[in-house]
Amino acid sequence: MHVFVYGTLCDPDTASGVLDDFAYEGPATLDGLHRVDGEYPTLAPGGEVDGRIIVTDDVAALDRYEGVDRGLYVRVPIPHADGGTVQTYVGDPERLGASAAWPGEGPFRERVRACATDEDVLVHSSP
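Take a look at the structure:
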């Protein structure tokens with residue numbers, strides 16, 4: 001699985017402490033979302049954020065690290081400029097004390113997914 005990371009997992013020491021097997025594919029930019037800092041970093045609509053793409057099969061370890069089961073983050077697919085898809089984790093701003101708003105109504109995961117598919121949200125790998 002290809003995952004766009006924009007926070008602590010950009011650091012190789014942190015990533016190796018979370019994942020048994022991974023590789024960095026390289027730097028990337030996520031257009032259409034920007035980083036917002038709270039207790040932990042998250043994303044919000046608009047702008048862009050630089051990060052890295054990690055390749056790993058250890059989805060369970062990433063989900064645990066990001067607190068998916070506790071509702072801190074949701075994992076969502078984002079289109080890649082090459083025609084594929086990468087996953088990224090978006091933190092619930094209310095749970096993380098971050099100043100960010102997601103449009104729409106309903107569950108946080110669905111609002112994030114709607115924005116990621118309806119807006120011009122796209123990951124570009126950097127050369």
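Take the sequence shown: its position 81, counted from the start at 1, is 81 in full-length UniProt numbering, and no numbers get skipped. Glycine included, C-beta positions come from ideal geometry on N, C-alpha and C. Every value quoted in this text rests on a predicted model; they were computed, and no experiment measured them.
Which residues DSSP lists as bridging residue i, in chain order
i: residue 31; result: 48 and 122
i: residue 23; result: 55
i: residue 43; result: 35
i: residue 131; result: With the chain covering 1 to 127 only, the question about residue 131 has no answer from this structure.
i: residue 79; result: 85
Neighbourhood of residue i by C-beta, 7 Å cutoff - its chain only, sequence neighbours within 5 removed
i: residue 67; result: 73
i: residue 59; result: 1
Cβ-based neighbour list, residue i, same chain, cut-off 6 Å, excluding 5 preceding and 5 following
i: residue 98; result: 36, 38 and 42
i: residue 32; result: 119, 120 and 121
Opening and closing residue of the alpha helix (DSSP H) in which residue i lies
i: residue 3; result: Looking at the DSSP string, residue 3 is not in any alpha helix (DSSP H); the run it does join, the beta strand (DSSP E), is 2-5.
i: residue 15; result: 12-18
Cβ shell of residue i (< 8 Å), same chain only, five flanking positions each side left out
i: residue 125; result: 25, 26, 27, 28, 53, 80, 81 and 82
C-beta neighbour in chain E for residue i, strict 7 Å
i: residue 117; result: No chain E is present in this structure, which holds just one protein chain.
Do three or more CB pairs link the region 45-58 to the region 19-26 at distances below 8 Å?
-> yes
Would you say the region 85-104 touches the region 32-44, given that touching needs at least three Cβ pairs under 8 Å?
-> yes
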